[in-house]
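The structure appears below as structure tokens.
Residue numbers (my numbering): 1 to 155.
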């Protein structure tokens, strides 16, 4: 396992659409372990593969440290409900925080690390994290979604 460099604001890869994972091989499993380690080292709650420079549809999320992290391969949002305005930041945009609108509830289908189909139902912070990380897979970054007048830069 290794800590990977997180791509930062201005890196064009963050605006690219990630490609589906065709085979969950050792390379993908190592990527997932590296992503988890990198996310934890940076005190993040989610990380998409594109943020470490890999254009694959892989996401890791860990909003509740009393539970196992969530690993999603080829995630697809199948249902969204409600809206919440939340304070958000991103490991690729360090020290920038703003309010964005996210779904209050979200249902995502994906594969787990063993290729088994799974469904995740998220509410509140988990819904926010799922929406944020899946946006990354589409080349969409939170900075483009900020509500006017809410950007805060912490130095």
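Where is the CB? At the ideal position from N, CA and C, for every residue including glycine.
How many angstroms separate the CA atom of residue 54 from the CA atom of residue 18?
Residue 18 has its alpha-carbon roughly 8 Å from the corresponding atom of residue 54.
For residue 36, the first and last residue of its enclosing alpha helix (DSSP H)
Its alpha helix (DSSP H) spans residues 26-41.
Buried or exposed for residue 122, going by 16 or more other Cβ atoms inside 10 Å?
Its Cβ being crowded by 16 or more others within 10 Å, residue 122 is buried.
For residue 38, is the classification buried or exposed, using 16 other Cβ atoms within 10 angstroms of its Cβ as the cut-off for buried?
Buried, by the Cβ-count rule.
Length of the line joining the Cα atoms of residue 117 and residue 126
Those two C-alpha atoms are separated by around 19 Å.
Rounded to the nearest angstrom, what separates residue 56 and residue 67 at their Cα positions?
Those two C-alpha atoms are separated by around 25 Å.
Measuring CB to CB, does residue 13 end up less than 9 Å from residue 58?
Taking the C-beta atoms as reference points, residue 58 is found no nearer than 9 Å to residue 13.
Quick one, are the C-beta atoms of residue 110 and residue 72 less than 9 Å apart?
In contact: residue 110 and residue 72 (Cβ atoms closer than 9 Å).
Looking at the structure shown, is residue 8 part of a helix, part of a strand, or coil, going by DSSP?
Residue 8 falls in the coil class under three-state DSSP.
Quick one: give me the first and last residue of the beta strand (DSSP E) that residue 146 is part of.
No beta strand (DSSP E) holds residue 146; DSSP gives it neither H nor E.
Could you tell me whether the Cβ atoms of residue 104 and residue 142 are closer together than 9 Å?
Contact annotation: residue 104 and residue 142 have beta-carbon atoms that are not nearer than 9 Å.
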